[in-house]
Amino acid sequence: MKRQLRSPPIHRVPTEILLTIFEECLPDVRYRKPSLGDAPLLLTHVCSSWRMLVVQTSHMWTSLCIDILERRPTPLSIVELWVDRIGELPFDFAFRLDQWPPVPLQLVRQAILILNLLANKMSLWRDIQLVLPGSYKLLRSIPIDTAVDHLTSLTIDLQDWKEEEMDALNRIFKSARSLLKLTWSNRASWSSWDRSFDDFLCKMDISWGSLTHMVFDAWICLGDLLYVLNQCKNLVECDLRHFGGGFVTPSDCLKVPRLLLPKLRTLSIYQLYLNTGLGSLLDSVQCPNLRSFTAICGFTDNVPWPQHQLLSFLEQSACSLNYLSFDYTGISEAELIECLSFTSHLTQLRISDGRGKIVASEKLLLALTHNQDRLPLCPNLETLYLELLISAPEGMLADMVDSRNAAQGGGSVKPIRRLGFTGSHNPTRKQDIQRLKNLVKKNGLAFRVL
Numbered sequence: 054m055k056r057q058l059r060s061p062p063i064h065r066v067p068t069e070i071l072l073t074i075f076e077e078c079l080p081d082v083r084y085r086k087p088s089l090g091d092a093p094l095l096l097t098h099v100c101s102s103w104r105m106l107v108v109q110t111s112h113m114w115t116s117l118c119i120d121i122l123e124r125r126p127t128p129l130s131i132v133e134l135w136v137d138r139i140g141e142l143p144f145d146f147a148f149r150l151d152q153w154p155p156v157p158l159q160l161v162r163q164a165i166l167i168l169n170l171l172a173n174k175m176s177l178w179r180d181i182q183l184v185l186p187g188s189y190k191l192l193r194s195i196p197i198d199t200a201v202d203h204l205t206s207l208t209i210d211l212q213d214w215k216e217e218e219m220d221a222l223n224r225i226f227k228s229a230r231s232l233l234k235l236t237w238s239n240r241a242s243w244s245s246w247d248r249s250f251d252d253f254l255c256k257m258d259i260s261w262g263s264l265t266h267m268v269f270d271a272w273i274c275l276g277d278l279l280y281v282l283n284q285c286k287n288l289v290e291c292d293l294r295h296f297g298g299g300f301v302t303p304s305d306c307l308k309v310p311r312l313l314l315p316k317l318r319t320l321s322i323y324q325l326y327l328n329t330g331l332g333s334l335l336d337s338v339q340c341p342n343l344r345s346f347t348a349i350c351g352f353t354d355n356v357p358w359p360q361h362q363l364l365s366f367l368e369q370s371a372c373s374l375n376y377l378s379f380d381y382t383g384i385s386e387a388e389l390i391e392c393l394s395f396t397s398h399l400t401q402l403r404i405s406d407g408r409g410k411i412v413a414s415e416k417l418l419l420a421l422t423h424n425q426d427r428l429p430l431c432p433n434l435e436t437l438y439l440e441l442l443i444s445a446p447e448g449m450l451a452d453m454v455d456s457r458n459a460a461q462g463g464g465s466v467k468p469i470r471r472l473g474f475t476g477s478h479n480p481t482r483k484q485d486i487q488r489l490k491n492l493v494k495k496n497g498l499a500f501r502v503l
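For the sequence shown, my numbering assigns the number 54 to the initial residue and increments by one for each residue that follows.
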């Protein structure tokens, strides 16, 4: 008893509580970069008892970020130590090598050594990110001789890879039959995200049918996308960050039934230049469980916004959208109002356009305003962000919010809980701002000028 009292208080803390404290000390990031200033390495330098406990607790070492940089590459010895302490637990890692040549030969050699070391525990890979220059054929150096049964999330970012490297990629995909999340990123050069580029995606041996989350952070045409989506019956989220487009004729739409994506809940599409591909895509798919739709464009001068295809898509899908966002799409106010009439379940709406293609006039605000004669559009709307010019008379924005707050007692219209608009586009709306600030105090409105 006396010996126990003489020991430091920290040594008398039960192991279970210590481990909970240690876990709270771990950096809250997806992949942890080894650092003597952060847990878990930091904890091993406090005292021998802590060191023993941390070293023996394998799950504290199951996340690793490896950067092969010319100035300060992650040492091979650190990776060896980390992999050893993982034990037999599934683990996550990010491996990043400078993508843009010329890469020093010394770094390429070190990258190969580390990739081979990680491959020794390939059967335990769970969530990995590979950022590599395609020209050095580094994927070929990974000895893949076992199934990667634990691998559920894979991010591959290759710079200008060639078709002859496909065998190395397919060896990974063939071994990863439990893969659920795939992020694919590829471009020919540093500035070529949105240029036509054949990355041979359709020739890859990927278990598309098992994927639930898919991010294409690379140029993809409509034909390749439809080929992939036709196999993705379990897809829940799809993010197209560089959709190149393509064209499907109206007669083709009549001949071929829409692709049914029964589980898709989130769809996000970015086009640098709005083209007919967006409308053709909307003509080609049906998503009955879609809850979130985002469209983003860079330039919209070439073709009009595909309003007919969007409305047809919403009608055919018969989905209950909760979230809708348009960024610089070229949609007009009248088209937006028409679109909102198809989305009565909407709870969040975000409209952004700093170029004057769309403004929020009294027509939009009146359509969202509740009165005794009719329900407003989107009666379930709780979050509204207007990052554009508001041309309606001063006070109408606050009137709209106030009307929906006053109607909440009846239950048919929900109050606006979160509201934001761009101050730089609307510098003179002082009356709206003052009244909305009063609603912050009165109704708990979360309001901010963006």
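From the three backbone atoms N, C-alpha and C, an ideal C-beta is built for every residue, glycine too. Keep in mind it's a predicted model, so treat the numbers as computed, not measured.
*Leaving out the 5 sequence neighbours to the left and right, which residues in its chain are closer than 7 Å to Ser179 when beta-carbon positions are compared?*
Position check: residue 179 holds Arg in this sequence, whereas Ser was assumed. Only residues of its own chain outside the window of five on either side were considered, and among them Pro143, Phe144, Asp145, His203, Leu204, Thr205 have a CB closer than 7 Å to the CB of Arg179, listed in chain order.
*Decide if Pro93 is buried, meaning its Cβ has at least 16 other Cβ atoms within 10 Å, or exposed.*
Around the beta carbon of Pro93, a 10 Å sphere encloses 16 or more other beta carbons of the protein chains shown; the residue is thus reported as buried.
_Exposure of Leu442, with buried meaning 16 or more beta-carbon neighbours within 10 Å_ = Per the 10 Å Cβ criterion, buried.
*asked:* From the DSSP secondary-structure annotation, give me the bridge partner or partners of Asp354.
replied: None, per the DSSP bridge assignment.
*Which one of Thr115, Leu334, Asp452 has the shortest CA to CA distance from Gly297?*
With respect to the C-alpha of Gly297, the residue from Thr115, Leu334, Asp452 having the closest C-alpha is Leu334.
*Looking only at C-alpha atoms, which of Lys86, Pro186, Gly476, Pro432 sits nearest to Ser405?*
Checking every option, the nearest Cα to that of Ser405 belongs to Gly476.
*If you drop the 5 nearest sequence neighbours on each side, which residues of the same chain put their C-beta closer than 6 Å to that of Leu185?*
Within the same chain, Leu185 has close Cβ partners Leu150, Leu191, Leu211.
*In terms of residue numbering, what span does the alpha helix (DSSP H) encompassing Ser330 cover?*
In the sequence as displayed, the identity of residue 330 is Gly instead of Ser. Residues 329-337.
*Under the three-state reduction of DSSP, which class applies to Gly383: helix, strand or coil?*
Gly383: coil per DSSP, three-state reduction.
*What first and last residue would you give for the alpha helix (DSSP H) that runs through Cys78?*
That run of the alpha helix (DSSP H) goes 68-78.
*For the beta strand (DSSP E) holding Ile404, just list the boundary residues, first then last.*
Counted as a single uninterrupted DSSP element, the beta strand (DSSP E) harbouring Ile404 occupies residues 401-405.
*Tell me, to the nearest whole angstrom, how far the beta carbon of Val82 is from that of Leu96; I am working on the premise that it is less than 8 Å.*
So it is not a contact: roughly 17 Å between Cβ atoms.
*Look up Leu288 in the DSSP assignment and say whether it is helix, strand or coil.*
Coil, per DSSP.
*Count the other CB atoms, across all protein chains shown, that sit within 10 Å of the CB of Arg104; report buried if there are 16 or more and exposed otherwise.*
The Cβ neighbour count for Arg104, taken over all protein chains shown within 10 Å, is under 16; the residue is labelled exposed.
*asked:* On the criterion of 16 or more Cβ atoms from any shown chain inside 10 Å, does Cys285 qualify as buried, or is it exposed?
replied: With 16 or more Cβ atoms within 10 Å of its Cβ, Cys285 is classed as buried.
*Pair within 8 Å by beta-carbon distance, Leu134 and Leu166*: The answer is no: Cβ separation not under 8 Å.
*DSSP-derived helix/strand/coil call for Phe366*: If DSSP states are grouped into helix, strand and coil, Phe366 belongs with the helices.
*N- and C-terminal bounds of the beta strand (DSSP E) containing Tyr280*: Looking at the DSSP string, Tyr280 is not in any beta strand (DSSP E); the run it does join, the alpha helix (DSSP H), is 275-282.
*Measuring CB to CB, does Phe395 end up less than 8 Å from Leu419?*
Their beta carbons are not under 8 Å apart, which means Phe395 does not touch Leu419 by this criterion.
*Exposed or buried, what is Asn355 when buried is set at 16 or more other beta-carbons lying within 10 Å of its beta-carbon?*
With fewer than 16 Cβ atoms within 10 Å of its Cβ, Asn355 is classed as exposed.
*For Ile239, does the count of other Cβ atoms within 10 angstroms reach 16, so buried, or fall short, so exposed?*
Reading off the sequence, residue 239 comes out as Asn, not Ile. Counting every other CB atom within 10 Å of its CB across the protein chains shown gives Asn239 a total of 16 or more, marking it as buried.
*Where are the alpha helix (DSSP H) runs, 4 residues long or more, that stay fully inside the region 424-483, in chain order?*
Complete alpha helix (DSSP H) runs here, min 4: 449-459.
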